[in-house]
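S.K.:
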Amino acid sequence: MFDFIKKKIKDSINSIQKKLSKEEEKDLKEDENKEEALLKQDELELKKEILPEDKKELKEEVKEIQKEVKELKKEEEILEKPDKKEEEKVQSKKRSILKHSISESDVDMIYSEIKTVLLENNVALSVLENIQKDLKNKLVGESVSMFGNKKYLNNVIRDSIANTLIGYDKEEFISKIKSKKPFVILVIGVNGAGKTTTIAKLCKLFLSKGLKPVIAAGDTFRAASIEQLEIHAKKLKVPIIKHTYGSDPAAVAFDAIKHANSAKEDVVVIDTAGRSDINKNLIEELKKVKRVSKPDMTIFIGDALTGNDVVKQAEVYDKEIGIDANILSKADVDKKGGAVLSISYITKKPILFLGVGQGSDDLIPVSFSAIAFSAPMILCHSYRIP
């Protein structure tokens, strides 16, 4: 019962509120209408009061004001325009303030950053010393941005490293071979360096240039070495001269050259035995092969993955036998690349090619861009001159 009464009271209150709201809205509208009427009446009275002469004067005043505004805008534009000469002076001062002349200590700081990285990537100390010297010659006294001209510094560092490389032009190599018939190549290197595969790649290259190669199976020491060469020779349709295991490798080389002369072959490629450790017997054997074959070029084949070891091997072979050029195998899986720089600089002999796979075409001329480490290892660094 009380709930019903409560509801009724609530409904009544709501009804009253609605009515009041409507009445208030009505009163407001009436007030607004009255105000509008009064304003219109005032406007009419003002219009009546303003004489034609007054209207003319007002128009002239408006024109004068507009003219003054235009003149003010012109003055503002003149003030806003900078003096070109003054601006150039300011910019010149800024540039001179932000420039820094590189000192020897600055170069030492830059070198210390790259030295650690290069050592970690199998670059020999003598190569590093040469790079440091080259950097000092190129950078000391140069003016660069205080905040580090990254591109300039990276280019100088890149050039200093690239200068340690001695490459060999592919076409120059082919021209040299064509200059003599038959052209004799002696291939030397330790076991597992990739001599057999590299010989096959060289023969494929010669064939592509219209040259007729012949292979001398001079490794009569290692088991299955002759059979491996025979597989490659058969695939390439290249003649192979072989003897039995344990026979004199110098005799094999002699017979291969004799065959090339009679068959009018263009180039003889002589394989030789290698050892895991370079020993006196091997050295004497190779010396004999070289005396008998009188090669026009002796090529050292090294494994890029062995790092500084391959450099030491090349040094020994160069000292004892004498080498004319280098080929580094497995360069495609060598993520460091220091061996390429070191072997070229230390032996002072060019790198003919880099072996970059097991295929017969996987032989590329050496260049700085071909070194796996060049971009990620060094050129990502940012240098700041203090």
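Numbering follows our numbering, in which position 70 of the sequence shown is assigned residue number 99; successive positions increment by one, without gaps.
For every residue, glycine included, the Cβ atom is placed at its ideal position computed from N, Cα and C.
(1) Can you tell me where the beta strand (DSSP E) holding V318 begins and where it ends?
(2) Is DSSP giving T227 helix, strand or coil here?
(3) Please state whether DSSP places L194 in a helix, a strand or coil.
(4) Indicate the three-state DSSP secondary structure (helix, strand or coil) for A222 in the structure shown.
(5) Can I393 and L383 be called in contact, C-beta distance under 7 Å?
(6) Would you report the Cα separation of V156 and I356, rounded to the nearest angstrom?
(7) Pop quiz: V467 and P242 are said to be a contact at Cβ under 8 Å. What is the actual Cβ separation, rounded to whole angstroms?
(8) With a threshold of 6 Å on Cβ separation, who are the neighbours of F235 within its own chain once the five nearest residues in sequence on each side are excluded?
(9) Could you work out which residue in V345, R304, A302, I352 is closest to K323 when comparing CA atoms only?
(10) Measure the alpha-carbon distance for N192 versus N183 and round it to whole angstroms.
(11) Output needed for I126: all residues of its chain with C-beta closer than 6 Å, excluding positions within five of it in sequence on either side, in chain order.
(12) Would you say I143 and L168 are within 7 Å of each other, going by their C-beta atoms?
(13) Please report the straight-line C-alpha distance between Q257 and V185, rounded to a whole angstrom.
(14) Put I131 into one of helix, strand or coil per three-state DSSP.
(15) Helix or strand or just coil, what does DSSP make of V345?
(16) What does F382 pair with, by DSSP beta-bridge criteria?
(17) Quick one: residues in its chain with C-beta nearer than 6 Å to the C-beta of I312, no 5 flanking neighbours on either side, listed in chain order?
(18) Taking the runs of the beta strand (DSSP E) that are 3 residues or longer, which of them lie wholly in the stretch 226-257?
(19) The alpha helix (DSSP H) that contains T273, what's its start and end?
(20) Suppose the cutoff is 6 Å on Cβ atoms and the five residues either side in sequence are ignored; what does the same chain contact list for V395 look like?
(21) Examine the Cβ distances between the stretch 245-260 and the stretch 332-347 and report whether three or more of them are shorter than 8 Å.
(22) Taking DSSP as the reference, what is the three-state secondary structure of I160?
(23) Does the beta-carbon distance from G331 to A222 come in below 7 Å?
(24) Can you tell me which of the three DSSP states I286 falls into?
(25) For my contact list, I307 and V216 are in at a C-beta cut-off of 8 Å; report their separation, rounded to the angstrom.
(26) Hey, out of K271, K199, A292, whose CA is closest to I299's CA?
(27) Given this structure, state the Cα-to-Cα distance separating A360 from A333, to the nearest angstrom.
(28) Kindly indicate the opening and closing residues of the beta strand (DSSP E) around V362.
(29) Ordered along the chain, which non-local residues of its own chain (more than five positions away) have a Cβ less than 7 Å from that of K96?
(30) Closest by CA to I190, which one among V146, D338, D135?
(31) May I ask you to report which of helix, strand or coil DSSP gives S389?
(32) Count the other C-beta atoms from every protein chain shown that fall within 10 angstroms of the C-beta of I260, then say buried if there are 16 or more, exposed otherwise.
(33) Does the distance from the C-beta atom of V340 to that of A279 stay below 7 Å?
(34) Does the distance from the C-beta atom of V152 to that of G336 stay below 7 Å?
(35) Just to confirm before moving on: does the CB-CB distance between S389 and K224 stay below 7 Å?
M.R.: So, from the data block:
(1) Stepping through the sequence shown from its first residue, residue 318 is reached at position 289. Under the DSSP assignment, V318 falls outside any beta strand (DSSP E), being part of the alpha helix (DSSP H) whose first and last residues are 309-322.
(2) Numbered from its first residue, the sequence shown carries residue 227 at position 198. Helix.
(3) Stepping through the sequence shown from its first residue, residue 194 is reached at position 165. Annotated three-state conformation of L194 is coil, per DSSP.
(4) Reading the sequence shown from its first residue, position 193 is the one you call residue 222. For A222, the secondary structure class from DSSP, reduced to helix, strand or coil, is coil.
(5) Reading the sequence shown from its first residue, position 364 is the one you call residue 393. Reading the sequence shown from its first residue, position 354 is the one you call residue 383. Yes; because the gap between Cβ atoms is below 7 Å, this pair is in contact.
(6) Taking the sequence shown and counting its residues from 1, the one referred to as residue 156 is at position 127. Taking the sequence shown and counting its residues from 1, the one referred to as residue 356 is at position 327. Using only the alpha carbons, I get a separation of about 19 Å.
(7) Outside the modelled stretch of the chain, which goes from 30 to 415, sits residue 467, for which no answer is possible.
(8) Here residue 235 refers to the residue found at position 206 of the sequence shown. Non-local C-beta neighbours of F235 in its own chain, meaning closer than 6 Å and more than five positions away in sequence, comprise P242, V296, ordered along the chain.
(9) As a first step, residue 323 must be located in the sequence shown, where it is residue number 294. Taking only the C-alpha atoms, the option nearest K323 is I352.
(10) Against the sequence shown, residue 192 aligns to sequence position 163. Against the sequence shown, residue 183 aligns to sequence position 154. The alpha-carbon atoms of N192 and N183 are separated by roughly 14 Å.
(11) What you label residue 126 is simply residue 97 of the sequence shown in a count that begins at 1. In this prediction, I126 has a pLDDT of 47, which is less than 50 and means its spatial position is unreliable; nothing more can be read from the coordinates.
(12) Sequence index remark: in the sequence shown, residue 143 carries index 114 (1-based). Sequence index remark: in the sequence shown, residue 168 carries index 139 (1-based). Going by C-beta atoms, I143 is not nearer than 7 Å to L168.
(13) The residue given as residue 257 occupies position 228 in the sequence shown. The residue given as residue 185 occupies position 156 in the sequence shown. Cα to Cα, the separation comes out at about 46 Å.
(14) Mapped onto the sequence shown, residue 131 falls at position 102. I131: coil per DSSP, three-state reduction.
(15) Locating residue 345 in the sequence shown gives position 316, counting from the first residue. The three-state secondary structure of V345, taken from DSSP, is helix.
(16) Against the sequence shown, residue 382 aligns to sequence position 353. Looking at the DSSP assignment, F382 forms a beta bridge with I356, P394.
(17) Position 283 of the sequence shown holds residue 312. Contacts found: E349.
(18) Counting whole runs of 3 or more residues, the stretch 226-257 contains the beta strand (DSSP E) stretches 242-245.
(19) Along the sequence shown, one-based indexing puts residue 273 at 244. Note, T273: premise wrong, no alpha helix (DSSP H); not H, not E.
(20) Locating residue 395 in the sequence shown gives position 366, where the first residue counts as 1. Take V395, set aside five residues on each side of it, and the residues of its chain with a beta-carbon closer than 6 Å to its own are G196, I380, L383, in chain order.
(21) Touching, no.
(22) Position 131 of the sequence shown, counted from the first residue, corresponds to residue 160. Correct three-state label for I160: helix.
(23) For the purposes of this step, residue 331 is identified with residue 302 of the sequence shown, where counting begins at 1. For the purposes of this step, residue 222 is identified with residue 193 of the sequence shown, where counting begins at 1. Cβ distance < 7 Å, so G331 and A222 count as in contact.
(24) The residue labelled residue 286 in the question sits at position 257 within the sequence shown. Helix.
(25) For the purposes of this step, residue 307 is taken as residue 278 along the sequence shown, with counting starting at 1. For the purposes of this step, residue 216 is taken as residue 187 along the sequence shown, with counting starting at 1. Between V216 and I307 the Cβ distance is about 16 Å, and since that is not below 8 Å, they are no contact.
(26) The sequence position of residue 299 within the sequence shown is 270, counting from 1. Considering only alpha carbons, the answer is K271.
(27) Position 331 of the sequence shown, counted from the first residue, corresponds to residue 360. Position 304 of the sequence shown, counted from the first residue, corresponds to residue 333. Cα to Cα, the separation comes out at about 6 Å.
(28) Numbered from its first residue, the sequence shown carries residue 362 at position 333. Note, V362: premise wrong, no beta strand (DSSP E); not H, not E.
(29) Residue numbering aside, residue 96 sits at position 67 when the sequence shown is read from its first letter. No residues qualify anywhere along the chain.
(30) The residue you call residue 190 lines up with position 161 of the sequence shown. Per the Cα distances, V146.
(31) Here residue 389 is taken as the residue at index 360 of the sequence shown, counted from 1. It is coil, neither helix nor strand.
(32) Your numbering for residue 260 matches position 231 in the sequence shown. The residue is exposed, with fewer than 16 neighbouring Cβ atoms inside 10 Å.
(33) Here residue 340 corresponds to residue number 311 of the sequence shown, with the count starting at 1. Here residue 279 corresponds to residue number 250 of the sequence shown, with the count starting at 1. No, they are not a contact pair.
(34) Position 123 of the sequence shown holds residue 152. Position 307 of the sequence shown holds residue 336. No; because the gap between Cβ atoms is not below 7 Å, this pair is not in contact.
(35) Taking the first residue of the sequence shown as position 1, residue 389 is located at position 360. Taking the first residue of the sequence shown as position 1, residue 224 is located at position 195. Cβ distance not < 7 Å, so S389 and K224 don't count as in contact.
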